[in-house]
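Numbering (the working numbering), first residue to last: 150 to 267.
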């Protein structure tokens, strides 16, 4: 995956209102590119399937498919794909922790487990 860092260059008004955008602007582009490239093949496959499901899929060898949309709809689609990626990465890390340490939730009584989540 490629990280397009130019999107974080914006005017000062937007940055003042968005702490995450301000944080991103202070990061080195190489660091952001490294993080973007760290997505596993499994995450890339799920995101690809998700986007294909959202826009529809026809075999490219049989059809010359062109999709037209507005800037706002495209931004929404890309935002959805990004959020899916963040969510999947968190779940992948959780799965790795579960595999490393075992699922400790099975040793916590149901009432205590529910209290921890609340």
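In this text, a Cβ means the ideal position worked out from N, Cα and C, and glycines have one as well.
Minimum Cβ-Cβ distance from residue i to chain B less than 9 Å
{"i": "residue 249", "result": "The structure shown has no chain B; it contains just one protein chain."}
Endpoints, the alpha helix (DSSP H) within which residue i is located
{"i": "residue 218", "result": "First-last for residue 218: undefined, no H or E at that position."}
{"i": "residue 210", "result": "No alpha helix (DSSP H) contains residue 210, which DSSP labels as neither H nor E."}
{"i": "residue 183", "result": "178 to 186"}
{"i": "residue 200", "result": "190 to 204"}
Distance between residue j and residue i (C-alpha atoms, nearest Å)
{"i": "residue 211", "j": "residue 197", "result": "20 Å"}
{"i": "residue 184", "j": "residue 248", "result": "23 Å"}
{"i": "residue 188", "j": "residue 235", "result": "10 Å"}
{"i": "residue 192", "j": "residue 226", "result": "17 Å"}
Collapsed DSSP secondary structure at residue i in the structure displayed
{"i": "residue 171", "result": "helix"}
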